[in-house]
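So for the sequence shown, this note's numbering puts the first residue at 29; every next one is plus one.
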Amino acid sequence: MSKGRSTGNRKFLDALFDAIDSADAARFVEFLTEDALFRFGSAPPVHGRKAIREAVAGFFSSIAGSRHSLRHVWSGRGTLACDGEVTYRRLDGSEISLPFADAFEIRDDLISAYRIYIDIAPLYAK
């Protein structure tokens with residue numbers, strides 16, 4: 029991976045996670061192709077920008093906020109992946125940090141498939 033490509037990938041991911049951590053579902057889907065596939069943890073996949081926007085907005089309404097910290101970024105032809113830690117702020121104000129890994133398929137500089145690998149159950153555990 030060239031330094032320029034690595035820097036570009038990191039800027040792309042920083043902007044993507046900024047949209048997520050801002051709980052801005054409309055800005056989030058601007059990173060996706062119209063026919064994108066989105067899968068969050070073990071939830072069923074969601075297809076298309078409109079449906080993804082609704083699903084993501086629903087998730088955002090179930091938390092008070094999030095903060096992502098990336099550790100590693102990998103890329104290949106038409107693919108991008110990263111791992112890190114996400115800290116969720118629950119509606120009661122408490123926080124929990126969880127490891128995650130994301131895998132992306134890229135088409136025309138947009139995400140055509142976005143798969144999030146995370147065990148989200150601890151977020152909602154009492």
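Where a beta carbon is used, it is the ideal one built from N, C-alpha and C, also for glycine.
Asked: Tell me the residue span of the beta strand (DSSP E) that contains Pro73.; Found: Note, Pro73: premise wrong, no beta strand (DSSP E); not H, not E.
Asked: Where does the unbroken beta strand (DSSP E) through Asp98 begin, and where does it stop?; Found: Per the sequence shown, residue 98 should be read as Leu rather than Asp. Note, Leu98: beta strand (DSSP E), Gly93 to Gly104.
Asked: Could you tell me the boundaries of the alpha helix (DSSP H) in which Ala79 lies?; Found: Arg77 to Phe88
Asked: For Ile91 versus Val57, is the C-beta spacing smaller than 8 Å?; Found: no
Asked: Nearest to Thr115 by CA position, among Arg95, Gly69, Tyr145 and Val101, is which residue?; Found: Arg95
Asked: If you reduce the DSSP assignment to three classes, tell me which class Arg118 lands in.; Found: coil
Asked: For Asp136, I'd like the list of residues in its chain whose CB is within less than 8 Å of its CB, leaving aside the five on either flank, ordered along the chain.; Found: Thr61
Asked: So the candidates are Ala129, Ala153 and Ile148; which of them puts its Cα closest to the Cα of Gly112?; Found: Ala129
Asked: Alpha carbons only, please: which of Leu65, Phe88 and Thr107 is nearest the one belonging to Leu41?; Found: Thr107
Asked: Quick check on this structure: which residue in Ser140, Pro127 and Ile134 has the alpha carbon closest to the alpha carbon of Ile148?; Found: Pro127
Asked: I need the straight-line Cα distance from Arg117 to Ile124, nearest angstrom please.; Found: 7 Å
Asked: Helix, strand or coil: how does DSSP classify Phe59 here?; Found: coil
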